Each structure stands twice: as structure tokens, then as C-alpha cells.
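In my numbering, the protein residues as written are 378 to 1055. For every residue, glycine included, the Cβ atom is placed at its ideal position computed from N, Cα and C. Please read these numbers as outputs of a predicted model, since none were measured by experiment. Working notes, structure below.
This is how it looks when you write it as C-alpha cells:
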């Protein structure tokens, strides 16, 4: 298979290009929730930019272990070239940008190419799968003689979400034995272990404080932007065409670190990634779409934090898997996981892991709800969600259809029946069936229970208390799915009550939700202020799901209104521009951003239900549907290279915002790429 290489040529001739090195980012993950990430320009601009953020058991969570490397190359004539360093307060430097000629992804892994004085040097970064370890590799591609490379690691042990001015822990006790450095981290953290593979390796222990390091994206988001790093010293090694240099940093044991050489680590990871491409649907194996397959892998993890749950599950003969909702700051969210499951796993041939995910979340059902999210470094989930559990039915249906795994269905069926029973009686957060019409209502003061869940302090920006349109579309879909499963497993008589309940919901939905004046659906009925006619994309689920609740003759009208007022090249606006609460940009401090989060801001994942709705109305128009994905192909070369952002500004140029890599954005584009192919 010829692997697609995503290239970003670089000339560095003007300030606009230099700025793009700061706005374009890269991400490498380890299958545990840990990661390495930074800017293409090589400087840290976010609190989350680090060469090793380790995923550790609760209560530690994800921790910054190795922040950065200052990289200095000395030529045979004594001339020195700085290709990487910390960005200090003041003007933008971007060390080495004048030497950079290309950034590219090879099998989803970042490669920088530098050219100077007749030499060509490449840097690569990888994280061995299921290890909290990073390999930073330097290879001389062209040039005579031997270069001397000096690598100074810098650290600031802290939770990855902690501000950059978090109290510093350095200097730390350091030991150096047989060319290996071990830093004793504070408290319960594991040591940071480092070594360099190469020729003529030398270590100098020279503790150094690095003050006034600036993180420019943090500054733009209204957070503390100046931090301090500490370095224990530096490594030096010879670098020539046939003698590469690799720095390895890890929280694993020395035995684990030494189990594979840098050459083997590169070979094994390339083999693993090639296998991912071979497993994926043919439409996701080549060209730009192959980036989606590799991006999907970043979100599928064995959670390191919940080690006790994993031990119990494995003892029972199963495995734990979950989905990171987005990088850098999200953990695993129930809603995001269930929406993403088809695109991340079934579209990529990872059916076994899809089963693991569904059974994992089945273990956490409480009072008829699956968790909304698992907070960073904690073992217990939070359950404030009205829709995640309904998406669970959808995800299970897609899984059973793709795999025919009736055993998992039978295992989960009692839980599904219990879920419906709890919703009929009423469960937490005011979630329950209204006995007067059979529709599902939700809401308690101070809680945000739908996917439009922004909250600042006590301010719930879009509370949507009452009966939201997508909640009831999902409720109807869940009832129909369960009706069919019960009929197949227990017979027609057992399914009769579910069939009757679903019919009642459908009748009430079509009576209550149609907004005649606008020729579309209310977003909420029976809300705090009556029915809400705000034009939002949530109504698409009324006819994009497997069992559409909306009467067919109204599908095209809704689709046309949504297309005209909400569709953009990179997803759908969360609110139409004519609404008084509409915000064209998602920018500024936390309050400003959350005020815009679902009030116009474009969401990439919503292209999925839009294309489903389009094909429901125009079933033969796959070519037309594919055109709605073209903007995402261009987007693969911006923000997080090779992935898809969480959100975008509501108006041109639709600047990427939020998480640089979002699970449901990648998943829905991948799923729809298949739907519109061939």
C-alpha cells in the first residue's frame, strides 16, 4: 500500500507564514490517554504542549512530564544552529524557522525537515503504543562529516490542565548512572527517566531555571501565559548520515524502556499503523481519507486512570475501552463516545473494540443513565446528561448491524429495558416521560443536560429545559430499536407495549414540534418560556436516525431551511444568524467563548446528521452529498495537521477553534466519507 504523506512545505519568507507555524499544531498519542503535542514551529503555545504527557492511574490523571527540548546543532567548522528552544516573553522568535523547509505527517507521525550549510536534518516524534514513553529521533539525511547535537530537556511536573504558572517543583533530585538520567518527581508521581541513543553520548548535569516562558495561545484565551521551566542539564551526541540520535523519555521502568530499541520502536509503530489502514473500509485506506483512519486511532484508549475497573473486567474475560472526546482537555464523555463509535471503530474495521466500548459503558449504567463524563484522574463518572443514554441505543444498533454480535445484545438487553423503565418513572435531573403526551422532558436548575452544555459559574448558557427536539427524536429511535430487539429475542407479545409507546411518542412529536410559521421544527417545546423557535441543527435528528420520528412529507422543508441558514463548508452553525443571541466568533476569555459555544459557532460533527438527512431526502445523490465534505479535506492541513477541530467561527474564514482534534468531528466525517463513496 502506498502511504499518503500530508506535506506542509515551508519557505519562511514572510510574517504571515511564520505565524502559521504557531497556529498549526501536531498530536501524537499512546493509546492510554497520554500524548505529545506542540506547534509546527516547535515552541509551546498552550499549557498542553509537551513532549510527554503521561496518562497515570487515578488520582494522578494526565501529567506533564517532559515539557520541551532546546536543540542546538554544532557544525564541523564550529558554527552553531538553534533548531528548537523555548519562546520567551517579547517578540516571536520561532527558533529554527529560518532553517525549516518542510513539515509532514508520515503515517500520521510528525516529521520536520531542516536544511542548512549543505546539511539536511529530520526530526521525528513517536510514542510507543500503550507506553508513557516518547522517542525524539534526529537523522541526518544529507551532509558530510559529523555534527554534534546538544539536547537540553526542560520540565514542569504538573497536571496537564493546570495553568502554566502552577507552583514549580524544580529543582528535582537527579541521578545519572551508565548514561541514564532519572529525575525524582514530587509526591506519588513516577520518576522521569531519560537516555540518548547515539554515538559519543555525554551528559552534563547543570541545573538551570528558564523563566518567563510565554504560551501565546493561553494569553489569547484569557489565561495566565507566563511560566517557568527547569532543566537538569543536557545531552550531547554525534550525528552523521549513518548514525542517528534518539532521545527517549519515559515514566516506565528501565526494563520496559530498554525492551525495544529506537529502530524497533519505529518499525513496530509503522507496522501497527499500516495494519490500521488495512483494517479500515477501503474508502478510508488511501489519500486524504487515510488521515481520518489514523486520526481515529488517537481517540480510542484503554483508560489508565480506572485501573481497578480494568482489572475486574479482564478477570471476567473482557477488555476496557473508551473514547477521548477531544484533545487536549477532554476526557471520555458518554455522549461523544456513542456518537463517535461508528466512525471511529466500525468504519475503521475495529469491531472488537466497539464491543469493548459498549460493554464498558454498560457496566456504568446507574438509574437508567450512562455517564456524561469521567472527570480527569477520577474513578467515578458524572451522570448529568439527558441524551448520552439515548445515543447508547443508537451506537449498539450500528454495532449489531455491522457485526451480528447477538451475544453482546443479549448481555445488554436487561440494562436497556431498565433504562426505559427508569425514564418512564423519571430519573435524575428531572429526566423522565411526561405522562400527558409520552414525550421526554428534562431539566433542573443549574444543570446543562443536552449536548448544548456550556456553563460559566452558575450561568447555563443554553439550558433548554423542557422537551428538546433531538432528545425526543432519540427517545423515539431508542423505543423502536428496543421494540425490535425484544421482538427478536422474546417474541411479539413482549414488544407490544414498546410499540404502543413509540406510536404515542410519534403522534405527540408531530403535533407538538412543527413550527408552521418557519416551516421547521421547534428546538424545545414546553420550555421555561413556552416553545422555542430558535433555528438550530438539532431538528435534523428527527429524520436522520434509523427510525425517523418526523412525518416524511416535512423532511425536505426542514432540510432546505437548515441548508440555507446553518450549513457551512466545515459543519453547521449552532444557531441561525438572524437570532438575537447569535455570535459570529468563538474567541476571547472563557465567558466570551462559552457565550458563543452553541450560539452560532460551527460544529464539525453536525455534518454527519446533515448528510444523513440529505440522503434521506435525496437517496441517489451521493455525489452531491460528498461535496459537503470538501471543506474538511482542506482543513486537514490547518489547526491540528491531519485531524479535525471541535468548532469553527460561524462566518468566513471559519477559523478553527476549540479542541484541535475532536473525536466526533473525525468520526462523522469518516463515516460520511464512506456513505458518499463509490
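Given that a residue counts as buried once 16 or more other Cβ atoms are within 10 Å of its Cβ, and exposed if not, what is residue i?
{"i": "residue 693", "result": "exposed"}
{"i": "residue 679", "result": "buried"}
{"i": "residue 845", "result": "buried"}
{"i": "residue 406", "result": "buried"}
{"i": "residue 386", "result": "exposed"}
{"i": "residue 765", "result": "buried"}
{"i": "residue 798", "result": "exposed"}
{"i": "residue 867", "result": "exposed"}
{"i": "residue 734", "result": "buried"}
{"i": "residue 554", "result": "exposed"}
{"i": "residue 757", "result": "exposed"}
{"i": "residue 464", "result": "buried"}
{"i": "residue 552", "result": "exposed"}
{"i": "residue 745", "result": "buried"}
{"i": "residue 664", "result": "exposed"}
{"i": "residue 588", "result": "exposed"}
{"i": "residue 955", "result": "exposed"}
{"i": "residue 836", "result": "exposed"}
{"i": "residue 929", "result": "exposed"}
{"i": "residue 778", "result": "exposed"}
{"i": "residue 1068", "result": "One cannot answer for residue 1068 here, as it falls past the ends of the chain, which runs 378 to 1055."}
If we ignore side chains and look at the alpha-carbon of each, how far apart do residue i and residue j end up?
{"i": "residue 384", "j": "residue 636", "result": "32 Å"}
{"i": "residue 883", "j": "residue 788", "result": "29 Å"}
{"i": "residue 872", "j": "residue 994", "result": "30 Å"}
{"i": "residue 512", "j": "residue 626", "result": "7 Å"}
{"i": "residue 580", "j": "residue 617", "result": "19 Å"}
{"i": "residue 534", "j": "residue 520", "result": "38 Å"}
{"i": "residue 971", "j": "residue 838", "result": "7 Å"}
{"i": "residue 946", "j": "residue 1009", "result": "7 Å"}
{"i": "residue 484", "j": "residue 404", "result": "12 Å"}
{"i": "residue 979", "j": "residue 964", "result": "13 Å"}
{"i": "residue 414", "j": "residue 561", "result": "24 Å"}
{"i": "residue 397", "j": "residue 953", "result": "30 Å"}
{"i": "residue 795", "j": "residue 821", "result": "22 Å"}
{"i": "residue 997", "j": "residue 886", "result": "28 Å"}
{"i": "residue 755", "j": "residue 620", "result": "44 Å"}
{"i": "residue 469", "j": "residue 675", "result": "31 Å"}
{"i": "residue 476", "j": "residue 515", "result": "15 Å"}
{"i": "residue 571", "j": "residue 410", "result": "21 Å"}
{"i": "residue 704", "j": "residue 508", "result": "18 Å"}
{"i": "residue 786", "j": "residue 927", "result": "27 Å"}
{"i": "residue 658", "j": "residue 999", "result": "17 Å"}
Since residue i sits in a beta bridge, which residues does DSSP pair it with?
{"i": "residue 558", "result": "553 and 571"}
{"i": "residue 490", "result": "479 and 499"}
{"i": "residue 525", "result": "451 and 615"}
{"i": "residue 1039", "result": "703"}
{"i": "residue 438", "result": "433"}
{"i": "residue 541", "result": "Residue 541 pairs with nothing; no bridge assigned."}
{"i": "residue 1030", "result": "Looking at the DSSP assignment, residue 1030 forms no beta bridge with any residue, so it has no partner."}
{"i": "residue 533", "result": "Per DSSP, none; premise fails for residue 533."}
{"i": "residue 514", "result": "501 and 623"}
{"i": "residue 845", "result": "901"}
{"i": "residue 406", "result": "412"}
On a CA-only basis, which of the options is nearest residue i? Give me that one, please.
{"i": "residue 793", "options": "875, 436 and 487", "result": "875"}
{"i": "residue 427", "options": "450, 435 and 402", "result": "402"}
{"i": "residue 528", "options": "446, 479, 881 and 816", "result": "446"}
{"i": "residue 412", "options": "753, 966, 440 and 499", "result": "440"}
{"i": "residue 457", "options": "471, 430, 494 and 479", "result": "494"}
{"i": "residue 610", "options": "805, 448, 907 and 593", "result": "448"}
{"i": "residue 944", "options": "1051, 984, 860 and 967", "result": "984"}
{"i": "residue 518", "options": "684, 500 and 532", "result": "500"}
{"i": "residue 699", "options": "690, 709 and 705", "result": "709"}
{"i": "residue 697", "options": "720, 737, 727 and 648", "result": "737"}
{"i": "residue 438", "options": "682, 974 and 558", "result": "682"}
{"i": "residue 471", "options": "422, 689, 910 and 601", "result": "422"}
{"i": "residue 726", "options": "1051, 615, 450 and 382", "result": "1051"}
{"i": "residue 593", "options": "605, 420 and 454", "result": "420"}
{"i": "residue 443", "options": "481, 433, 452 and 429", "result": "429"}
{"i": "residue 829", "options": "776, 951, 614 and 574", "result": "951"}
{"i": "residue 631", "options": "564, 558 and 591", "result": "558"}
At a Cβ threshold of 9 Å, is residue i touching chain C?
{"i": "residue 825", "result": "Chain labels in this structure do not include chain C; a single protein chain is all it has."}
Which runs of the beta strand (DSSP E), 3 residues or longer, sit entirely within the stretch 950–1020? none
Counting only runs of 4+ residues fully inside the stretch 686–755, write out the alpha helix (DSSP H) ranges in chain order. 711–718 and 728–739
Those runs of the beta strand (DSSP E) which lie wholly inside the stretch 885–963 and span at least 3 residues: 901–904, 907–909 and 948–950
Write down every uninterrupted run of the beta strand (DSSP E) in the stretch 796–821 whose length is 3 residues or greater and which is fully enclosed by it, in chain order. none
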